[in-house]
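Student:
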Amino acid sequence: MTETRPIRDILIVGGGTAGWMAATYLATQLRASGGRVTLVESKNVPIIGVGEATVPPLVGFLRILGISEAEFMRRAHATYKLGIKFINWHEGDDAFWHPFGPVGGTIDGMQLFHFWLKNRQSGATDGPYTSYSIQALLAEQDKAPRPLNGSSFIYDRGQYAYHLDAGAFAGFLQEEATRRGATHIIDDVTGVNVDERGCISQVNTREHGALTADLYIDCTGFRALLAEGALGDRYIDWSDILMCDRALAAPLPGNGDMAPYTKSTALSAGWVWQIPLTHRVGNGYVYSSRFIDDDAAARELAGFLQVDPADFTPRPLRMRVGRREQFWRGNCIAMGLSSGFVEPLESTGIFIIQRGLALLLSYFPDTSFAPHLAQRYNERMATTYEEIRDFILLHYVLTKRTDTDFWNAYRSMPLPDALRTLIDAYDATGLIEPVEHAMFPEASWYSIFAGHNRLPHTYHRGADLSEFAKVRHIMNVIKNTHDKLAATFPSHHEFISCINRGQDLGRPATPETFPDQR
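Given below as structure tokens:
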């Protein structure tokens, strides 16, 4: 009988953002218990990372690790992100926001959305739902989320995110991980041995021979060398409902603009991202190969970016849309692209890595690998992926565009049961019931529904329990307060310039000042 003991050795196979996030996090969190972290990566495997947008939980990740935001932003060529502006998604001549943070908050325990809808149905014209978001207001004005040499509730609560250079971010984390005790091995993996229990017994390398560990983390990208290649875990394909399976990445020199938000512009067979970094603008076309071929997509992207197609060589990427059946199998956990992929419309790639790491720490095993720990981990990761899938699918199925076969296909798309139930409940009552440990709060769903002008049949009758004259006064106060606050904040360009001149603009808040992001 094998002796049960604490996990001591962890082997991460693969680098990039997923590998080095895992190495930094685990080297930090397991240092006190004597855990040893080793990362092996091949110099011959290219890193997929391009300019990348993120979501607010990354703020908490950096703060928990004690990483200076200013230093991180300098090293990763990062800028702030207050939300996403969706352009031409609904009818082809429109724009709406998905801002971070609450949209107006709650009044008498109810989401402001219900009072905004009641006000609208009474004939009032007080602007779109997201006009009650301070983040949307700051984004429209190209403002930073806090003043120079000061703080704000947005900053203290971590209600913002970043744009970053994924390759530079991975390099920065590599330094952090090794400084915190992680061992870095550069070598090619030649094989993986699996024992009679269905667990990995060793990873074989060309120059370092057999590497062994108690726990293995697969960060080998879409190849999933350990989880799928060695352990045979099944991949659940979602390309039937999330049809975008290709991308063309085309970074261009910066033009002086540095908007504090991501732009997502709908085209004929998908959408274009525009992500402003300090040294360039990340651009790319995410599209469906069923409705446009690669050459036509490149021409459409060149036209959108107003560049000469003859001098335009975007980087092609193929996307495997779906998720693992079991993220944790035996003594191996799949992270990052090894665990699955949902298109980057809502910038959730890095968040999924972070969620996986936080859950690993929550259900951290010993060498017996109790099955109920893996079961709960797998359930929660599956829920995370499916919530993100449904939220992204919502952006497509609410469209009224009829100009191409791609958009028409989404108008008649059969929906997953959970999303169909959510939409039906929203249409009838205006209520959104997020899943357990949801990534997207109610305000996010309301932003997409309202942005597409999909409103409930009537406002929720709970709004009638509040004295509406007082509610309208509060709604006016919210807007006036936001206007006054925004006037005190510097431009985003000015703030980022100060950071890159070496100014560390204030001490970050402690992790306890914003909600648990696990």
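Numbering (the working numbering), first residue to last: 30 to 547. In this text, a Cβ means the ideal position worked out from N, Cα and C, and glycines have one as well.
1. Using 8 Å for Cβ pairs, my map puts ASP565 next to ALA298. What's the rounded Cβ distance?
2. Can you round the beta-carbon distance between HIS502 and HIS119 to whole angstroms, since I take them to be within the 8 Å contact cut?
3. Roughly how many whole angstroms lie between the Cα atoms of MET50 and THR234?
4. Could you tell me if HIS521 is buried or exposed, where buried requires 16 or more neighbouring beta carbons within 10 angstroms of its beta carbon?
5. Measure the alpha-carbon distance for ILE382 versus SER495 and round it to whole angstroms.
6. Please report the straight-line C-alpha distance between LEU552 and ARG352, rounded to a whole angstrom.
7. Give a yes or no on whether 9 Å exceeds the smallest Cβ distance from PRO35 to chain B.
8. Under a Cβ-count criterion, where at least 16 other Cβ atoms within 10 Å of its own Cβ denotes burial, should GLN188 be classed as buried or exposed?
9. Applying the criterion that 16 or more other CB atoms from any shown protein chain within 10 Å of the CB defines a buried residue, is ILE265 buried or exposed?
10. Along the chain, which unbroken stretches of the beta strand (DSSP E) at least 3 residues long are found entirely within the segment 324-412?
11. Would you report the Cα separation of ASP122 and LYS429, rounded to the nearest angstrom?
12. Roughly how many angstroms separate the alpha carbons of PHE251 and GLU354, rounded to a whole number?
13. Do the CB positions of ALA295 and PHE201 come within less than 9 Å of each other?
14. Taking all protein chains shown into account, do 16 or more other C-beta atoms lie within 10 angstroms of the C-beta of ASP194, making it buried, or fewer, making it exposed?
15. Apply the 10 Å Cβ neighbour rule to GLY89 and answer buried if 16 or more other Cβ atoms are within range, or exposed otherwise.
16. By how many angstroms is the C-alpha of THR135 removed from the C-alpha of GLY258?
17. Can you name, in chain order, every residue of its own chain whose Cβ lies under 8 Å from the Cβ of LEU260, other than the five neighbours on each side?
18. Which whole-angstrom value describes the C-beta separation of GLY378 and TYR414, a residue pair presumed to lie in contact below a C-beta threshold of 8 Å?
19. Check each candidate in PRO519, ALA363, LEU111 and ARG275 and name the one with the smallest Cα separation from ARG263.
20. Looking at the unbroken alpha helix (DSSP H) that takes in HIS522, where does it start and where does it end?
21. With distances taken from CA atoms, which of TYR316, MET272, LEU68 and TRP474 is nearest ILE214?
22. Which partner residues of ILE39 appear in the DSSP bridge assignment?
23. Nearest to LEU346 by alpha carbon, out of ASP274, GLU416, GLY385 and PRO394?
24. Give the single residue among PHE393, GLY95 and GLU465 whose Cα lies nearest to the Cα of ILE246.
25. Along the chain, which unbroken stretches of the beta strand (DSSP E) at least 3 residues long are found entirely within the segment 187-273?
26. ARG384: which of ASN148, PRO85 and VAL66 sits nearest, CA to CA?
27. Buried or exposed: where does ARG34 fall if 16 or more other Cβ atoms within 10 Å of its Cβ makes it buried?
28. Look at the alpha carbon of GLY48 and the alpha carbon of ILE39, and state the distance between them as a whole number of angstroms.
29. Measure how close the beta-carbons of ARG209 and ARG60 come, nearest whole angstrom, since I'm counting them as under 8 Å.
30. According to DSSP, is GLN150 helix, strand or coil?
31. Which whole-angstrom value is the C-beta distance of TYR314 and ALA276, which I expect to be below 8 Å?
32. Indicate whether TYR161 and ILE507 have their beta-carbon atoms separated by less than 9 Å.
33. Which residues in the same chain as THR412 place their Cβ atom closer than 8 Å to its Cβ, once the five residues preceding and following it in sequence are excluded?
34. Could you tell me the distance, in whole angstroms, from the CA atom of LEU374 to the CA atom of THR307?
35. For the segment 90-171, which segments carrying the alpha helix (DSSP H) assignment without a break, of at least 4 residues, lie completely within its bounds, in sequence order?
Tutor: Short version:
1. Residue numbering for the chain in the displayed model covers 30 to 547; residue 565 lies beyond these limits and cannot be assessed.
2. If you number the sequence shown from 1, residue 502 lands on position 473. If you number the sequence shown from 1, residue 119 lands on position 90. Not quite, the Cβ-Cβ distance comes to about 32 Å (not below 8 Å), so this is no contact.
3. As a first step, residue 50 must be located in the sequence shown, where it is residue number 21. As a first step, residue 234 must be located in the sequence shown, where it is residue number 205. If you take the alpha carbons of MET50 and THR234, they lie about 22 Å apart.
4. Residue mapping note: residue 521 aligns to position 492 of the sequence shown, counting from 1. Buried, because 16 or more other Cβ atoms sit within 10 Å of the Cβ of HIS521.
5. Locating residue 382 in the sequence shown gives position 353, counting from the first residue. Locating residue 495 in the sequence shown gives position 466, counting from the first residue. One C-alpha to the other measures close to 42 Å.
6. There is simply no residue 552 to check, as the chain begins at 30 and stops at 547 in what is shown.
7. The displayed structure is made up of one protein chain only, and chain B is not part of it.
8. Here the question's residue 188 lines up with position 159 in the sequence shown. Buried.
9. Translated into the one-based positions of the sequence shown, residue 265 becomes position 236. Per the 10 Å Cβ criterion, exposed.
10. 344-347, 351-353 and 361-363
11. Sequence index remark: in the sequence shown, residue 122 carries index 93 (1-based). Sequence index remark: in the sequence shown, residue 429 carries index 400 (1-based). For ASP122 and LYS429, the distance between alpha carbons rounds to 11 Å.
12. The residue you call residue 251 lines up with position 222 of the sequence shown. The residue you call residue 354 lines up with position 325 of the sequence shown. Whole-angstrom Cα-Cα distance: 14 Å.
13. Position 266 of the sequence shown holds residue 295. Position 172 of the sequence shown holds residue 201. For ALA295 and PHE201, no; Cβs fall outside 9 Å.
14. For the purposes of this step, residue 194 is taken as the residue at position 165 of the sequence shown. Burial call: buried.
15. Mapped onto the sequence shown, residue 89 falls at position 60. GLY89 comes out buried.
16. Counted from its first residue, the sequence shown places residue 258 at position 229. Counted from its first residue, the sequence shown places residue 135 at position 106. Distance between the alpha carbons of GLY258 and THR135: 49 Å.
17. The residue you call residue 260 lines up with position 231 of the sequence shown. Excluding positions up to five away in sequence, the list reads VAL223, GLY227, ILE229, ARG358, GLY359 and CYS361.
18. Within the sequence shown, the letter at position 349 stands for residue 378. Within the sequence shown, the letter at position 385 stands for residue 414. Their Cβ separation, rounded to whole angstroms, is 12 Å, which puts GLY378 and TYR414 out of contact at 8 Å.
19. Working through the sequence shown from its first residue, we reach residue 263 at position 234. Residue ALA363 is the option with its Cα nearest to ARG263.
20. Translated into the one-based positions of the sequence shown, residue 522 becomes position 493. Where HIS522 is concerned, the enclosing alpha helix (DSSP H) stretches over 521-529.
21. As a position in the sequence shown, residue 214 is number 185, starting the count at 1. The option with the nearest alpha carbon to ILE214 is LEU68.
22. Numbered from 1 along the sequence shown, position 10 holds the residue referred to as residue 39. ILE39 pairs with VAL66 and LEU244.
23. Here residue 346 refers to the residue found at position 317 of the sequence shown. Among ASP274, GLU416, GLY385 and PRO394, the Cα nearest to that of LEU346 belongs to ASP274.
24. The residue given as residue 246 occupies position 217 in the sequence shown. It is PHE393 whose Cα lies nearest to the Cα of ILE246.
25. 190-194, 212-215, 218-223, 229-234, 238-240, 244-247 and 264-266
26. Residue mapping note: residue 384 aligns to position 355 of the sequence shown, counting from 1. Of the candidates ASN148, PRO85 and VAL66, the one whose C-alpha sits nearest the C-alpha of ARG384 is PRO85.
27. For this step, residue 34 is matched to residue 5 along the sequence shown. By the 10 Å Cβ count, ARG34 comes out exposed.
28. The count along the sequence shown starts at 1 and reaches residue 48 at position 19. The count along the sequence shown starts at 1 and reaches residue 39 at position 10. Going by the C-alpha atoms only, they are around 12 Å apart.
29. For this step, residue 209 is matched to residue 180 along the sequence shown. For this step, residue 60 is matched to residue 31 along the sequence shown. Between ARG60 and ARG209 the Cβ distance is about 7 Å, and since that is below 8 Å, they are a contact.
30. Sequence index remark: in the sequence shown, residue 150 carries index 121 (1-based). GLN150: helix per DSSP, three-state reduction.
31. Within the sequence shown, numbered from 1, the residue matching residue 314 stands at position 285. Within the sequence shown, numbered from 1, the residue matching residue 276 stands at position 247. Sure, about 7 Å apart at Cβ, within 8 Å.
32. Numbered from 1 along the sequence shown, position 132 holds the residue referred to as residue 161. Numbered from 1 along the sequence shown, position 478 holds the residue referred to as residue 507. Yes; because the gap between Cβ atoms is below 9 Å, this pair is in contact.
33. As a first step, residue 412 is located in the sequence shown; it is residue number 383 there, counting from the start. The answer, listed in chain order, is VAL464, GLU465 and HIS466.
34. In the sequence shown, the residue the question calls residue 374 occupies position 345. In the sequence shown, the residue the question calls residue 307 occupies position 278. Answer to the nearest angstrom: the Cα atoms are 21 Å apart.
35. 98-104, 141-150 and 163-169
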